[in-house]
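What follows is a set of notes on a single structure, which appears directly below.
4 protein chains.
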Amino acid sequence: MIIVLKSGSSEAEIAEIERRIEAMGYRAHTIRGELRSVIGAIGDDRGKDRLRALESLECVESVTPILQPFKLASREVRREGSEVRVGGVTLGGRRLVVMAGPCSVESRLQLLDVAARVRAAGAAVLRGGAFKPRTSPYAFQGLEEEGLKLLAEAKRETGLPIVTEVMDPERVDTVAEYADILQIGARNIQNFSLLRRVAEVRKPVLLKRGMSTTIQEWLLSAEYVLSGGNRDVILCERGIRTFETSTRFTLDLNAIPVVKKLSHLPVVVDPSHGTGHWEYVEAMALAGIAAGADGLIIEVHPRPEEALSDGPQSLKPDRFAALMERARRVAAAVDRDL
Amino acid sequence: MIIVLKSGSSEAEIAEIERRIEAMGYRAHTIRGELRSVIGAIGDDRGKDRLRALESLECVESVTPILQPFKLASREVRREGSEVRVGGVTLGGRRLVVMAGPCSVESRLQLLDVAARVRAAGAAVLRGGAFKPRTSPYAFQGLEEEGLKLLAEAKRETGLPIVTEVMDPERVDTVAEYADILQIGARNIQNFSLLRRVAEVRKPVLLKRGMSTTIQEWLLSAEYVLSGGNRDVILCERGIRTFETSTRFTLDLNAIPVVKKLSHLPVVVDPSHGTGHWEYVEAMALAGIAAGADGLIIEVHPRPEEALSDGPQSLKPDRFAALMERARRVAAAVDRDL
Amino acid sequence: MIIVLKSGSSEAEIAEIERRIEAMGYRAHTIRGELRSVIGAIGDDRGKDRLRALESLECVESVTPILQPFKLASREVRREGSEVRVGGVTLGGRRLVVMAGPCSVESRLQLLDVAARVRAAGAAVLRGGAFKPRTSPYAFQGLEEEGLKLLAEAKRETGLPIVTEVMDPERVDTVAEYADILQIGARNIQNFSLLRRVAEVRKPVLLKRGMSTTIQEWLLSAEYVLSGGNRDVILCERGIRTFETSTRFTLDLNAIPVVKKLSHLPVVVDPSHGTGHWEYVEAMALAGIAAGADGLIIEVHPRPEEALSDGPQSLKPDRFAALMERARRVAAAVDRDL
Amino acid sequence: MIIVLKSGSSEAEIAEIERRIEAMGYRAHTIRGELRSVIGAIGDDRGKDRLRALESLECVESVTPILQPFKLASREVRREGSEVRVGGVTLGGRRLVVMAGPCSVESRLQLLDVAARVRAAGAAVLRGGAFKPRTSPYAFQGLEEEGLKLLAEAKRETGLPIVTEVMDPERVDTVAEYADILQIGARNIQNFSLLRRVAEVRKPVLLKRGMSTTIQEWLLSAEYVLSGGNRDVILCERGIRTFETSTRFTLDLNAIPVVKKLSHLPVVVDPSHGTGHWEYVEAMALAGIAAGADGLIIEVHPRPEEALSDGPQSLKPDRFAALMERARRVAAAVDRDL
């Protein structure tokens, strides 16, 4: 931590802060500047907020951390990228992984139809929501356990592993019975009770960035899962909230190279939620691959105009197949397989 | 809903959309404009997303709702403001309610000391966190049930009702045993499992706006609680995330008159989290009252520089007492009591 | 500046950076931490970007300034608040100053009518746009010099000094002939050619914060005017751009106490542009006063529903008069006069 | 426009609004809904704000435009993409155009060195700032006309056309003497005096999106230039301001497919300003191409650690050459040449 003092701080004030820093177990190192003094608190301060509280002293102007606050998620702990294995699929390797399927599981017919078609087009994982976090209590909330059973049937038919969302700590075990990857939705990225619960399960976790979560906070949420004992975390960029309204969210592809620098975790991109409009999905999917993502997660629906949720951002199966063709070419151009 | 068609849409396309709208149980009313046609879907569409899915048709440019999507939270359903009673305290009446206390319950001594002092200064409710949602898994996570017991003791000593956060559906009953008001934190504003659970409890709910929640979404989260059977919802503005970094969040006081226009629910302001710096708390507390808030929630700590959480934004008890003096004067200037 | 090195930096790399720092005229002071080293560059680095460029070295993780980059605008340079005198009016003193009038000067009749009525209600300065920065080239662009002449006539009739916007360096002298205060609009806050030009004029400058300008950048724009020789700068908070759409902008009242801490300049609040809806103007005007603003600037129009610009946010004269009554009471509650 | 009335509006109020709409030259078409009525104002309302002012009537809830407000910039006016020719280079065709060079022209040696190297690597246009819009008045402000002369020399030596910024209406003619493309910087995107001036010049204009400019506003700024008579507008996405601080701005690649849908104008991407860190430039440059951009603009400096501006985001020439190699492969994968 770097503690910046207000100008005009006295030697007694400096000594008092040095005393407090050392009482907390750090070494204090003071630089007397021309206009103000700065005290470095030396030691590993990650996750320890007590130094921050010094900011409430009258003579302190600011307290700034030097280290990134996450450890296990950090590239410094592990130089090479992590790989997460799901069934026969590996996330984080040279081969990109595309997850596709409907926003919500709506019916057996809908799901099996889509599952077969996304598999034919090259998807390696089937997505589909059984428990749906809906902004309005009056909107369709998902088929719940019935939806999980349909996902299991689709998996038997196609061989595709399943990614599906879990919203509730009490439901983690149930969902984990059916799912191959547990998805934590954007709205639960700082639901720490849920993060602690999925950390106890032996299933990979797909951690969607919250709509106003900084990359640092996102990696700290990953740290909850990692430090709870589950090393199989996949990050998913799905758009942040900004002032721009021509897209539903602003898919932040900058997050890909930033995460790749800071962390060893694999990261996939969700251009469906990120843009909110099917017409923009392909461009942003290709851009995500070019930016270095390890995979994509895309919503596909046989009749988007009748979807019970997220119709406007769902691709028809043939558009998805066309996207996959183009994605293969861009992947090859950046030395990845698909 | 208003469905705007792309320019050059054919009569057959218009007829097809009219057919779909009527099949969903709405009346269709088409306006043929000079450059493009617009179809109104007449009927109560609140919370029903199926019309939105028409946006995925090629000939449709956009689908825009006309009604606000919430019902029970709406001022149209209830013209006069709601009042929420807690012990002898009423939120939403002429008298403002100030809730104060430490960010976290840290020890018996700390809590009892603060409780007595905020009561003496005029606080009507004691706040204090026992379960703490912390960005980092390595930060102090609260005293948990031990903290709840200390809050109960402080209540016995001071007579102040208690507001404290609940983070986990499984813990709702436990927290409700001790708390008079259940707080839903900003990070759980769209934790719909938790909202549904607190709707089943007979205790008022303090619903903090999420850091990137629109006012419409915030009222929809209130709608989860209201439609689940709990009519005692108190809204709390606590700052949104913007580009500005000189404050920790941007306390959005505009939300006060907007909420007062759209909804009958009482609304309080949290200038501690909203600004993140004790030096700005008083100005924003007074501004919140002038803007029409029904109360304040403020962090007070006897020694902020030693706080285990949120030290930089905590007031010392004597500063809090001074704030209360000034708050009384501003309250009187806008015809409120304190 | 604080230069943080990547972990594993060698002694040779540290020495090289120390050498570069000293070559630029600073003293280097290195703190060797457990995980990474930090080098302080001691000296007044305000406005000097050359140290920042060190961030492009491979071994450097980040370069962070310690000092606020502005000087003349800083509270450290001048402890007491500045006062700006315009005609018989003083901005920055105990007495609040309310500026009011139409968004655009539309006609002689409209302007003289409004001017008389805002004066009667207690406004001390008349606002009105002659040159209008409009998002669309097809929108009403103002009466230009004809508008300035009408403002001059209104000044003669009412005695109120005039604040009006200048958009173009070539027009500064013309506008300064008629105006008592030159307004720099939000869209020109970083139009540095214009800032340099108004710095040369002997008229106070009202500097509206840009819709995405940080407080630091805003004060740096003030610094352009101050360092150019014009000490009469008035800041104006008028709303920033956020994700929230229920108001046109998000009036950021937090900026008031922050500016008062960092700077000696007077600051006024524009609740009309800040909210974009007349129904919210009064609440935010009162809140602005309670937060510590030195004045208000408010749009008033005799028939807002026929206004050529900004009708939805304009108050009718009688609503403005009612607002002034309430504003007087809130002002008194925070020991200000109005 | 769609005018939504408050619930409970009377027939007299509806008739009054219909009367006003027709008095303004539109046809009124009223839909009486179950909960509220909606009136369509039929006619071309682009750029005409007068209907908006109806929002200030008590019985009106909102007024919403149906049409995009720009015309000449619109894809509806021109279905095929526009091409802008500069020297032998065409922007908007199958071949991508890369503009590269230093942030600021600092010296003859620096510029000629960079110019030769970016040309060798495949850049088709040389960028370099002579007039620099700097946040701080104390920062390096550019070599001004001396810088323009050096750019002209570099053009003679390399044959590369020049893009450079113009900040001031009074300087447009001078800059246009030397420049092949006039750049309008992000901070001047709503400097309408400047936009009107460059519309009168016979040189292409590179219009950088402002840091908080919506795509609609950006296209309206383009409309100022187009409607002023200059059809050669190139758009440039360079990052918007969001809450995320790990990048300097958030490069919004979503803008590429959105602009391509709404407009016929060519669009290029600036990953240097968009990210602010050289380490992220290549990933975002490749992503920009994959998203459908017509070109790139990239900062290159022989010794970024000594740059007088924007060192942290500048690439060394050999990194730029490597980026160009990869960019060629991605371009080919999306059927573009480079």
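Chains as they are written, first to last, in this note's numbering: chain A, 1 to 338; chain B, 339 to 676; chain C, 677 to 1014; chain D, 1015 to 1352.
Glycine included, C-beta positions come from ideal geometry on N, C-alpha and C.
Please read these numbers as outputs of a predicted model, since none were measured by experiment.
Tell me whether residue i sits in a helix, a strand or coil according to DSSP, three-state version.
| i | result |
| --- | --- |
| Q744 of chain C | coil |
| G823 of chain C | helix |
| Q989 of chain C | helix |
| D1349 of chain D | coil |
| E444 of chain B | coil |
| E61 of chain A | strand |
| H602 of chain B | coil |
| E846 of chain C | helix |
| I355 of chain B | helix |
| R1170 of chain D | helix |
| H367 of chain B | strand |
| S1024 of chain D | coil |
| T1289 of chain D | helix |
| S550 of chain B | coil |
| V415 of chain B | coil |
| E975 of chain C | strand |
Of the residues the options, which one's Cα is nearest the Cα of residue i?
| i | options | result |
| --- | --- | --- |
| L67 of chain A | A:A285, A:T174, A:V205, A:L220 | A:L220 |
| R995 of chain C | C:G716, C:A691, C:L824, C:V790 | C:V790 |
| A331 of chain A | A:D310, A:V300, A:L296 | A:L296 |
| E279 of chain A | A:G311, A:I2, A:A255 | A:G311 |
| I594 of chain B | B:G378, B:A625, B:E508 | B:A625 |
| A852 of chain C | C:R863, C:L836, C:V874, C:Q866 | C:V874 |
| R457 of chain B | B:R472, B:F469, B:S445, B:P440 | B:P440 |
With burial defined as no fewer than 16 other Cβ atoms inside 10 Å of the residue's Cβ, what is the status of residue i: buried or exposed?
| i | result |
| --- | --- |
| T1227 of chain D | buried |
| D382 of chain B | exposed |
| R202 of chain A | exposed |
| G371 of chain B | buried |
| S922 of chain C | buried |
| A462 of chain B | buried |
| R695 of chain C | exposed |
| D1063 of chain D | buried |
| A1026 of chain D | exposed |
| V77 of chain A | exposed |
| L1352 of chain D | buried |
| V761 of chain C | Checking the displayed sequence, the identity of residue 761 of chain C turns out to be Arg instead of Val. Counting Cβ neighbours within 10 Å, R761 of chain C comes out exposed, since fewer than 16 surround it. |
What residues of chain A sit near residue i, judged by a beta carbon separation below 8 Å?
| i | result |
| --- | --- |
| R917 of chain C | F243 |
Identify the contact partners of residue i in chain A, using a Cβ-Cβ distance below 7 Å as the criterion.
| i | result |
| --- | --- |
| S683 of chain C | E76 |
Considering residue i, what are the terminal residues of the beta strand (DSSP E) in which it resides?
| i | result |
| --- | --- |
| Q521 of chain B | 519-522 |
| L235 of chain A | 233-237 |
| A1055 of chain D | 1051-1056 |
| V1177 of chain D | 1176-1179 |
| G439 of chain B | 435-439 |
I want to verify the contact list: residues of chain B whose CB lies under 8 Å from the CB of residue i, in sequence order.
| i | result |
| --- | --- |
| F383 of chain A | This structure gives no information on residue 383 of chain A, because the portion of chain A shown stretches from 1 to 338. |
| Q892 of chain C | S584 |
Which bits of chain D does residue i rub up against, with CB to CB less than 7 Å?
| i | result |
| --- | --- |
| L373 of chain B | D1058, L1081 |
| R329 of chain A | A1347 |
What residues of chain D sit near residue i, judged by a beta carbon separation below 8 Å?
| i | result |
| --- | --- |
| H602 of chain B | Chain D residues near H602 of chain B: none, gap ~15 Å exceeds 8 Å. |
If I follow the unbroken alpha helix (DSSP H) through residue i, where does it start and stop?
| i | result |
| --- | --- |
| M1298 of chain D | 1292-1305 |
| R872 of chain C | 868-874 |
Run through chain C and tell me which residues come within less than 8 Å of residue i, C-beta to C-beta.
| i | result |
| --- | --- |
| S617 of chain B | Position check: residue 617 of chain B holds Glu in this sequence, whereas Ser was assumed. The contacting residues are P933, K937. |
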